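The next block holds one structure in the form of structure tokens; read it before the comments.
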Amino acid sequence: MSDGTIITVIGAGTMGSGIAITAAISNVEVCQVDVSQDQLDRAKAYHKKTMARNVSKERMTQIEADAALARICYCTESCRSDESSFAIEAATENESLKKKIFASMVETYPADCILATNTSSISITSIADAVPAAADRVIGMHFFNPVPVMKLIEVIKSPATSQDTLERTMDLGESLGKTPIAANDHPGFVSNRVLMPLINEAFHAWNDGVAEPEAIDGIMKLGCAFPMGPLRLADLIGLDVCRDIMLVMHEGLGHPDKYAPCEKLVELVEAGRLGNKTHWGVYDYREAAKTA
Ligand SMILES: NC(=O)c1ccc[n+]([C@@H]2O[C@H](COP(=O)([O-])OP(=O)(O)OC[C@H]3O[C@@H](n4cnc5c(N)ncnc54)[C@H](O)[C@@H]3O)[C@@H](O)[C@H]2O)c1
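For what it's worth, numbering that gives the first Met the number 0 labels the leading residue of the sequence shown as 0, then goes sequentially.
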């Protein structure tokens with residue numbers, strides 16, 4: 000896309016910074032917004048490092064890398080809201096925070112700007128309900144981590160999302176070099192509805208003494224051709240995130256037991272073993288972290 004598209008990405012954490020650099024590489028101008036200057040500085044450093052790696056691996060020239068970096072500005076308040084055709088919210092996963100951000104997006108961005116959220120578990124319908132006058136422009140744009148690498152965008156429509164919003168979002172996804180696939184708004188969407196019960200069941204298998212984590216992961220990797228086992232993946236995602244998504248489905252889908260988080264998963268979260276981010280989850284990475 001090189002038609003002067005400008006987007007604002009709200010949130011400069013893991014996902015927002017990944018979305019921003021992916022867009023910049025695809026010739027889109029980006030205003031990267033965060034309430035935290037530290038996070039903006041971290042995002043900028045991550046972008047520079049990513050582009051330096053791309054140049055050293057000869058994926059692009061230094062001139063192209065510099066041009067991509069120059070397409071991003073870093074702001075605590077959007078400086079390009081008037082010109083943005085998309086505002087993609089990738090702030091902390093908290094429903095009331097997201098509803099507040101959306102309420103202010105309606106005030107700030109043009110009347111034809113698409114208001115997208117990268118939420119992994121919050122209902123798009125309930126976010127849209129918070130901004131009734133703009134509900135037709137609200138859509139889920141669920142990117143996957145790491146954004147520059149992962150090809151999928153799960154595009155989530157609420158009943159109020161207009162066809163025009165859906166089509167423009169699919170077009171933007173393709174112009175970012177991704178494969179957008181649309182689904183309806185249900186708890187867990189498609190990706191987590193299918194993945195999280197699998198991860199949860201791996202915790203049940205461990206808890207029931209069927210096998211130890213290494214064996215569970217080994218069996219699923221070799222037997223199902225998974226790139227990594229479900230317990231290792233849970234560590235990568237964050238055990239707290241896995242538990243919270245199970246709770247969203249447990250509350251939203253109405254089966255008394257089917258989506259209840261396994262007690263083993265809950266126990267580890269309560270013990271502060273959250274996975275890679277705390278260097279200890281199912282597996283213990285503390286020694287490796289010291290060495291690193
Ligand atoms: N991490 C993942 O693997 C992953 C995958 C898919 C989707 N998601 C979703 O993406 C979103 C962001 O997740 P993340 O992992 O990047 O979180 P993160 O904690 O790394 O980043 C969140 C950022 O939002 C910022 N923020 C908080 N309030 C803000 C506000 N009012 N305005 C602007 N910025 C604000 C924070 O300062 C922080 O930098 C969440 O909705 C999450 O569910 C995460």
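We put the CB at the ideal spot given by N, CA and C, even for glycine.
Note that this is a predicted model, so its numbers are computed, not measured.
For residue i, which residues in the same chain have their Cβ closer than 8 Å to its Cβ, ignoring the five residues on either side in sequence?
{"i": "S25", "result": "M0, S174, L175, G176"}
{"i": "G17", "result": "F142, N144, P145, V146, P147"}
{"i": "E250", "result": "P186"}
{"i": "A182", "result": "E153, V154, I155, K156, F188, V189"}
{"i": "L197", "result": "P229"}
{"i": "A288", "result": "H278"}
{"i": "S242", "result": "The amino acid occupying residue 242 in the given sequence is Arg; Ser does not appear at that position. Contacts found: P260, L264, V265, V268."}
{"i": "P226", "result": "K220"}
{"i": "H254", "result": "none"}
{"i": "T178", "result": "K150, L151, I152, G172"}
With H, G and I counted as helix, E and B as strand and the rest as coil, what does DSSP make of residue i?
{"i": "K295", "result": "Past the boundaries of the shown model lies residue 295; the chain is included only from 0 to 291, so the question cannot be answered."}
{"i": "R37", "result": "Note that residue 37 is Asp in the sequence shown here, rather than Arg. Helix at D37."}
{"i": "K263", "result": "helix"}
{"i": "M248", "result": "helix"}
{"i": "V193", "result": "helix"}
{"i": "N275", "result": "helix"}
{"i": "N93", "result": "coil"}
{"i": "E88", "result": "strand"}
{"i": "A291", "result": "coil"}
{"i": "F281", "result": "Strictly speaking, residue 281 in this sequence is Val, with Phe absent from that position. Coil at V281, not helix or strand."}
{"i": "T178", "result": "strand"}
{"i": "T4", "result": "coil"}
{"i": "G10", "result": "coil"}
{"i": "E286", "result": "helix"}
Just checking residue i against ligand 3 - is the residue's beta carbon closer than 6 Å to any of the ligand's heavy atoms?
{"i": "E76", "result": "This structure lacks ligand 3; its bound ligands are ligand 1."}
Tell me which same chain residues have a C-beta within less than 7 Å of the C-beta of residue i, skipping the five on either side of it?
{"i": "L238", "result": "L264, L267, V268, R272, L273, G274, G280"}
{"i": "E82", "result": "I5"}
{"i": "K257", "result": "none"}
{"i": "L252", "result": "P186, Y258"}
{"i": "Q36", "result": "T75"}
{"i": "K43", "result": "Y73"}
{"i": "A22", "result": "I6, V29, L175"}
{"i": "K276", "result": "G237"}
Quick one: what's got a C-beta closer than 6 Å to residue i's C-beta in the same chain, skipping five residues either side?
{"i": "R136", "result": "I113, L114, T164"}
{"i": "A134", "result": "A127, A159"}
{"i": "T107", "result": "S80"}
{"i": "M149", "result": "F143"}
{"i": "V54", "result": "Q61, A64"}
{"i": "S190", "result": "E153"}
{"i": "G15", "result": "V8, A89"}
{"i": "M104", "result": "A86, L114"}
**OP:** Starting from the N-terminal side, write out each stretch of the alpha helix (DSSP H) that is 4 residues or longer and does not extend beyond the segment 204-244.
**Re:** 212-223, 229-236
Original post:
Contact between the segment 122-141 and the segment 157-172: three or more CB pairs below 8 Å?
Top reply: yes
Original post:
Do the segment 223-241 and the segment 268-288 meet, that is, are 3 or more Cβ pairs less than 8 Å apart?
Top reply: yes
**OP:** Determine, using beta-carbon pairs with one atom in the segment 59-76 and one in the segment 94-103, whether at least three such pairs fall under 8 Å.
**Re:** no
**OP:** Flag this pair as touching only if the segment 212-223 and the segment 87-95 have three or more C-beta atom pairs under 8 Å; answer yes or no.
**Re:** no
Subject >> Cβ pair count under 8 Å reaching 3, the segment 54-74 against the segment 20-35 >> reply: yes
Original post:
Which runs of the beta strand (DSSP E) spanning at least 3 residues fall entirely within the segment 113-158, listed in chain order?
Top reply: 113-116, 137-142, 151-156
Subject >> Complete alpha helix (DSSP H) runs within the segment 12-78 (minimum length 4 residues, chain order) >> reply: 13-24, 36-55, 61-69
Subject >> Given 8 Å, three or more beta-carbon pairs between the segment 195-205 and the segment 50-65 >> reply: no
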